[in-house]
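Chains as they are written, first to last, in the numbering used here: chain A, 56 to 343; chain B, 56 to 343; chain C, 56 to 343; chain D, 56 to 343.
Just so you know, even glycine gets a beta-carbon here, dropped at the ideal spot from N, CA and C.
Below: the structure, in structure tokens.
There are 4 protein chains.
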Amino acid sequence: MFSVMCLLTLSLSAQREQRSRIVSDTIFSRVLNTERAYTVYLPKSFNADKARKYPILYLLHGMTDTNSSWVEKGKMKPVIDRLIDRGEIDELIVVTPDAGGSDVNRQQNGYFDMQEWEYEKFFYTEFLPYIEETYRVIGDKQHRAIAGLSMGGGGSASYGQRHPDMFCAVYAMSAWFEAGKPDAERASADPNNKVNKLMKAAYENGCIRYVDEADDNRKKQLRSVAWYVDCGDDDFLFDLNIRFYQSMRRAGIPCQLRVKDGGHDWEYWHQALYDCLPFVNRYFNKVR
Amino acid sequence: MFSVMCLLTLSLSAQREQRSRIVSDTIFSRVLNTERAYTVYLPKSFNADKARKYPILYLLHGMTDTNSSWVEKGKMKPVIDRLIDRGEIDELIVVTPDAGGSDVNRQQNGYFDMQEWEYEKFFYTEFLPYIEETYRVIGDKQHRAIAGLSMGGGGSASYGQRHPDMFCAVYAMSAWFEAGKPDAERASADPNNKVNKLMKAAYENGCIRYVDEADDNRKKQLRSVAWYVDCGDDDFLFDLNIRFYQSMRRAGIPCQLRVKDGGHDWEYWHQALYDCLPFVNRYFNKVR
Amino acid sequence: MFSVMCLLTLSLSAQREQRSRIVSDTIFSRVLNTERAYTVYLPKSFNADKARKYPILYLLHGMTDTNSSWVEKGKMKPVIDRLIDRGEIDELIVVTPDAGGSDVNRQQNGYFDMQEWEYEKFFYTEFLPYIEETYRVIGDKQHRAIAGLSMGGGGSASYGQRHPDMFCAVYAMSAWFEAGKPDAERASADPNNKVNKLMKAAYENGCIRYVDEADDNRKKQLRSVAWYVDCGDDDFLFDLNIRFYQSMRRAGIPCQLRVKDGGHDWEYWHQALYDCLPFVNRYFNKVR
Amino acid sequence: MFSVMCLLTLSLSAQREQRSRIVSDTIFSRVLNTERAYTVYLPKSFNADKARKYPILYLLHGMTDTNSSWVEKGKMKPVIDRLIDRGEIDELIVVTPDAGGSDVNRQQNGYFDMQEWEYEKFFYTEFLPYIEETYRVIGDKQHRAIAGLSMGGGGSASYGQRHPDMFCAVYAMSAWFEAGKPDAERASADPNNKVNKLMKAAYENGCIRYVDEADDNRKKQLRSVAWYVDCGDDDFLFDLNIRFYQSMRRAGIPCQLRVKDGGHDWEYWHQALYDCLPFVNRYFNKVR
Numbered sequence: 056m057f058s059v060m061c062l063l064t065l066s067l068s069a070q071r072e073q074r075s076r077i078v079s080d081t082i083f084s085r086v087l088n089t090e091r092a093y094t095v096y097l098p099k100s101f102n103a104d105k106a107r108k109y110p111i112l113y114l115l116h117g118m119t120d121t122n123s124s125w126v127e128k129g130k131m132k133p134v135i136d137r138l139i140d141r142g143e144i145d146e147l148i149v150v151t152p153d154a155g156g157s158d159v160n161r162q163q164n165g166y167f168d169m170q171e172w173e174y175e176k177f178f179y180t181e182f183l184p185y186i187e188e189t190y191r192v193i194g195d196k197q198h199r200a201i202a203g204l205s206m207g208g209g210g211s212a213s214y215g216q217r218h219p220d221m222f223c224a225v226y227a228m229s230a231w232f233e234a235g236k237p238d239a240e241r242a243s244a245d246p247n248n249k250v251n252k253l254m255k256a257a258y259e260n261g262c263i264r265y266v267d268e269a270d271d272n273r274k275k276q277l278r279s280v281a282w283y284v285d286c287g288d289d290d291f292l293f294d295l296n297i298r299f300y301q302s303m304r305r306a307g308i309p310c311q312l313r314v315k316d317g318g319h320d321w322e323y324w325h326q327a328l329y330d331c332l333p334f335v336n337r338y339f340n341k342v343r
Numbered sequence: 056m057f058s059v060m061c062l063l064t065l066s067l068s069a070q071r072e073q074r075s076r077i078v079s080d081t082i083f084s085r086v087l088n089t090e091r092a093y094t095v096y097l098p099k100s101f102n103a104d105k106a107r108k109y110p111i112l113y114l115l116h117g118m119t120d121t122n123s124s125w126v127e128k129g130k131m132k133p134v135i136d137r138l139i140d141r142g143e144i145d146e147l148i149v150v151t152p153d154a155g156g157s158d159v160n161r162q163q164n165g166y167f168d169m170q171e172w173e174y175e176k177f178f179y180t181e182f183l184p185y186i187e188e189t190y191r192v193i194g195d196k197q198h199r200a201i202a203g204l205s206m207g208g209g210g211s212a213s214y215g216q217r218h219p220d221m222f223c224a225v226y227a228m229s230a231w232f233e234a235g236k237p238d239a240e241r242a243s244a245d246p247n248n249k250v251n252k253l254m255k256a257a258y259e260n261g262c263i264r265y266v267d268e269a270d271d272n273r274k275k276q277l278r279s280v281a282w283y284v285d286c287g288d289d290d291f292l293f294d295l296n297i298r299f300y301q302s303m304r305r306a307g308i309p310c311q312l313r314v315k316d317g318g319h320d321w322e323y324w325h326q327a328l329y330d331c332l333p334f335v336n337r338y339f340n341k342v343r
Numbered sequence: 056m057f058s059v060m061c062l063l064t065l066s067l068s069a070q071r072e073q074r075s076r077i078v079s080d081t082i083f084s085r086v087l088n089t090e091r092a093y094t095v096y097l098p099k100s101f102n103a104d105k106a107r108k109y110p111i112l113y114l115l116h117g118m119t120d121t122n123s124s125w126v127e128k129g130k131m132k133p134v135i136d137r138l139i140d141r142g143e144i145d146e147l148i149v150v151t152p153d154a155g156g157s158d159v160n161r162q163q164n165g166y167f168d169m170q171e172w173e174y175e176k177f178f179y180t181e182f183l184p185y186i187e188e189t190y191r192v193i194g195d196k197q198h199r200a201i202a203g204l205s206m207g208g209g210g211s212a213s214y215g216q217r218h219p220d221m222f223c224a225v226y227a228m229s230a231w232f233e234a235g236k237p238d239a240e241r242a243s244a245d246p247n248n249k250v251n252k253l254m255k256a257a258y259e260n261g262c263i264r265y266v267d268e269a270d271d272n273r274k275k276q277l278r279s280v281a282w283y284v285d286c287g288d289d290d291f292l293f294d295l296n297i298r299f300y301q302s303m304r305r306a307g308i309p310c311q312l313r314v315k316d317g318g319h320d321w322e323y324w325h326q327a328l329y330d331c332l333p334f335v336n337r338y339f340n341k342v343r
Numbered sequence: 056m057f058s059v060m061c062l063l064t065l066s067l068s069a070q071r072e073q074r075s076r077i078v079s080d081t082i083f084s085r086v087l088n089t090e091r092a093y094t095v096y097l098p099k100s101f102n103a104d105k106a107r108k109y110p111i112l113y114l115l116h117g118m119t120d121t122n123s124s125w126v127e128k129g130k131m132k133p134v135i136d137r138l139i140d141r142g143e144i145d146e147l148i149v150v151t152p153d154a155g156g157s158d159v160n161r162q163q164n165g166y167f168d169m170q171e172w173e174y175e176k177f178f179y180t181e182f183l184p185y186i187e188e189t190y191r192v193i194g195d196k197q198h199r200a201i202a203g204l205s206m207g208g209g210g211s212a213s214y215g216q217r218h219p220d221m222f223c224a225v226y227a228m229s230a231w232f233e234a235g236k237p238d239a240e241r242a243s244a245d246p247n248n249k250v251n252k253l254m255k256a257a258y259e260n261g262c263i264r265y266v267d268e269a270d271d272n273r274k275k276q277l278r279s280v281a282w283y284v285d286c287g288d289d290d291f292l293f294d295l296n297i298r299f300y301q302s303m304r305r306a307g308i309p310c311q312l313r314v315k316d317g318g319h320d321w322e323y324w325h326q327a328l329y330d331c332l333p334f335v336n337r338y339f340n341k342v343r
């Protein structure tokens, strides 16, 4: 018993010396004119090896969540730790920005530019440069991937589609790939309504249409990214996920698809990390 | 070294006492007016316990295969043995009938009745009763399941659809669920062509249309069977598999779907046994 | 977008009608002369079907945890829900009693009887009968299993060993199977020390010695229970787990062993539920 | 139906253009004074891209097998193909040399040097250089790994131990890590007996003792290799595998261990390839 306790104590203190960390912090955005939070995973060696640079995964949250959801609900830390410890993935940075939330007072939401809320401009001109400078990110396409769930799954796919020079891999979970065409009457009746704005942006950035309308040049660009679609057989977005995959296949763009048991929930996404992280890791540092 | 060899010898002789077996045999069919082969898996206790009766899985082969393919190409025996040994499934009988083959001289093929080749009549009035009598099968719906790959996947689904009182579970792998409507001109030009006949039968027994056209009574019957669709993301029958699943869901008939990595090949089906056998086993003996 | 939200709302309200629940409550123990907490999982049909009885899994916590740890840290609810939803396990009750905790003021700990703290007497004469009456548990060996982690892994194994007529299956995770012989001098110097008491009890109820000393009759009893040992390759209790397994094998008592990647942490135990629940479920209702 | 057949035909012809191959060939060994067979897997791009060089895995067979066993019994080709196709591993060469067999007339066996049969000398001075020249192998430690089953598991571990400058990773399956000390009397009574020679060599090259006797310098060398031990819970070599792992851990040499369900059989080793290949692939090209 004493030896058990000693072992426990020793192993805890050994871990304290050098261990991975979750940090939540904020950045002030001039584009959005507000403070924006983010949550970042820093690997074991981060503090000790001040010269080392890392690959990065942007891991996007869904519609009713925030930057801390992947840690708190998705329990991402022990999964990343374990995959690194067993050598299945290399040390990396994982960061989740805040793209809104369910709070009625938070009037903006989503990963796209909208009227008076240029989130995408913020992401590419402020957030990404700041993160990659601050946390010693290698900072090229071959060491940058993007993933996300639901609204963030659509966001990650759309970012990957429109910035194929920036991301080597996209992993979309239970993704909301596209919105239907907004009702013009309803939209004009309440143009400042947040949901109307989000719907309009999600329609305009529809990922399926983006593939269906791709010419040869765009297809070639899309082939420079590694794609993975992961969706449960009970997910209410199942049909959208299948349509995206079928469009990709028709366009001749290699894409993995997995349909596992489950619905639109955190247990599904927690498990999805076990496939997502090794997948993006395989493309880090690989010349395609 | 000697001890290693002794252990090897001992463990082999221990296994010899009571072990599972693969038997290939034939049955003469009056319906088809020919000898038909089949291959059957008999569990460890089969010979020792002469009074024991077993549940049964009918495991159908694909278009260019025969009754022995699941053993020779699918390597089904070690999978069944292992799942029984670890207690994940109960002892059962697994049988594969011969539904044709690639030989050009073998003029008939498939699981459906055709002109001058009433395979389905043979299956239900001769083959199934003979097997269940000969190999001590329990012989009711709650101890009888059906599965198959490709053409046999479609066959298993169609048998399950049209005999929901006979099978408690259907597991369709990479299934050819339905053929397109045959070209009338081509069909009439060569009415005795084997492929034309098979195509006609596969069209007439289309599994997707069977669900889409189901009234409430048929839906209720279909809900009395447990359904599982398993298809690789690179399978050329992928779209058909998705359509079947979507029809089932629209009709409100519970159905599992898994899309794993892979195509239309034996390695996929070998692995599928690890999901298929525990699935059907769960429904043996269960009152729904 | 609106349809997405509608679907979300509808699916949430549908779930509200009949859903599984986690309940935390207390029972007053005359044996221990104190209130003891417990946490119980009740399946979907529990409220609707007032006549139905269920199998039960006693799921024990570890040394520094309490009755709520399996829910809060182990995230057991979504795993149980999903396994039931996909039909992999049947509806069941899962209950975690409180066996102490890290609080220095809580002077007692563990699953064994100690001087002035007859926990085992409480468990078998008060807790188990109360739970099985209150939550409509079937209440025989063939519908009762026990599992646990670390100290609770040892607890579950010891309970299964000494009550083989009560449990059909034992699943021990990262189990503390045995304590070394206590130092007599230290123990007598501080006889009321909680850790000393616990160590003495853990030594006296050592699971490995219990197997090593088993005569034919005890072995026969132990064979009437299904055993499973699950321990990570980085677990500090690894050697103990191997020793237990080797003793079981030497004694000719069938036992499964799995060593997966990982250590002594909640992510390991969360994943272990995916093996534990189907394992115990297979033995519910099975005559051995 | 026609379209199904067309698709089948098209996909087959597409594969013909560029596909992976299994080649069996021989090399004449001056060291052994005999022709020795080998079997090699060549990836899809091998013929088309004549300038490309590849990493290599030496995959050793067991005591009663030959160079073709991994293809014929282990069904390694579809596993390698699939892992490459899904991008989980990079294209590589896999080769199995012939280390003897069950034939009574084949008087030599195993991976070690024996009197009048310097197999290891053959392997390092003839076989490896020939293979790496002939099949465009990159040819440094960071692109060379070794794995094997049973006698070949011990062989791969021993080769990795005594040539840590040559292999970046070792994956030992169901390995025969060590033989007991030979009985001197028996050995001297029949010094030319093949089994006696093999036993002596297996004792002298015992992998567990090699770790236990390691000084700091040797430990440092062993840490430059990535180690993985994979053994079924029903394997008759289970205890040896555990002892090797425990020795490695005591010596502070990182080593993965997995114990899955199963015994000493080809279904176990077929499945082990799904872990082995991604494991060694992760260490190709990685500076440690």
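- Our two residues, residue 111 (chain B) and residue 103 (chain C), have alpha carbons roughly 35 angstroms apart in a direct line.
- Contact between the segment 274-290 of chain D and the segment 302-317 of chain D is present, with at least three C-beta pairs closer than 8 angstroms.
- When Cβ-Cβ separations below 8 angstroms define contact, residue 181 (chain C) makes no contact with chain B.
- When C-beta atoms of the segment 329-341 of chain B are compared with those of the segment 205-225 of chain B, three or more pairs fall below 8 angstroms, so the two segments count as touching.
- Within the segment 133-187 of chain B, the complete alpha helix (DSSP H) runs of at least 4 residues fall at 174-177.
- Assigned with DSSP and collapsed to three states, residue 280 (chain B) falls in coil, not helix or strand.
- Counting along the chain, residue 335 (chain A) sits inside the alpha helix (DSSP H) bounded by residues 321-338.
- With a cut-off of 8 angstroms on Cβ pairs, the segment 300-308 of chain B is not in contact with the segment 247-256 of chain B, counting fewer than three such pairs.
- Identification of residues in the segment 320-337 of chain A having a C-beta nearer than 7 angstroms to some C-beta of chain D yields 337, given in sequence order.
- Here residue 230 (chain C) is buried: its Cβ has 16 or more other Cβ atoms, across all protein chains shown, within 10 Å.
- Contact between residue 118 (chain C) and residue 213 (chain C) does not hold, since the beta-carbon distance rounds to 15 angstroms and is not under 8 angstroms.
- Here residue 302 (chain C) has 263, 266, 267 as same chain residues with Cβ atoms under 7 angstroms from its own Cβ, once five neighbours each way along the sequence are excluded.
- Look at the beta carbons and you see the segment 76-96 of chain C touching the segment 130-140 of chain C: at least three pairs across the two are nearer than 8 angstroms.
- Remark: C-beta atoms of residue 333 (chain C) and residue 280 (chain C) do not approach each other more closely than 8 angstroms.
- In its chain, beyond the 5 residues on either side, 284, 300 have a beta carbon closer than 6 angstroms to the beta carbon of residue 312 (chain A).
- Around residue 143 (chain B), the beta-carbon contacts reaching into chain C at under 9 angstroms are 333, 334, 337.
- Beta-carbon to beta-carbon, residue 166 (chain D) and residue 129 (chain D) are separated by about 18 angstroms, too far to satisfy the 8 angstroms threshold.
- When 8 angstroms is used as the limit between beta carbons, residue 107 (chain A) is near no residue of chain C, the shortest such separation being about 24 angstroms.
- Cβ contact annotation for residue 85 (chain B) (same chain, cutoff 8 angstroms, sequence separation greater than five): 181, in chain order.
- Ranked by how close their Cα comes to the Cα of residue 216 (chain B), the residues B:131, B:169, B:275 have B:275 in first place.
- In the three-state reduction of the DSSP assignment, residue 76 (chain C) falls in the strand class.
- For residue 306 (chain A), there are no neighbours in chain D by C-beta distance under 9 angstroms, as the nearest C-beta there is about 18 angstroms away.
- In this structure residue 132 (chain C) is not in contact with residue 191 (chain C), their Cβ atoms being roughly 19 angstroms apart against a cut-off of 8 angstroms.
- The beta carbon of residue 301 (chain A) does not come within 8 angstroms of any beta carbon belonging to chain D, so the residue lies off that interface.
- With a threshold of 16 other beta carbon atoms within 10 Å, residue 91 (chain D) meets it and is buried.
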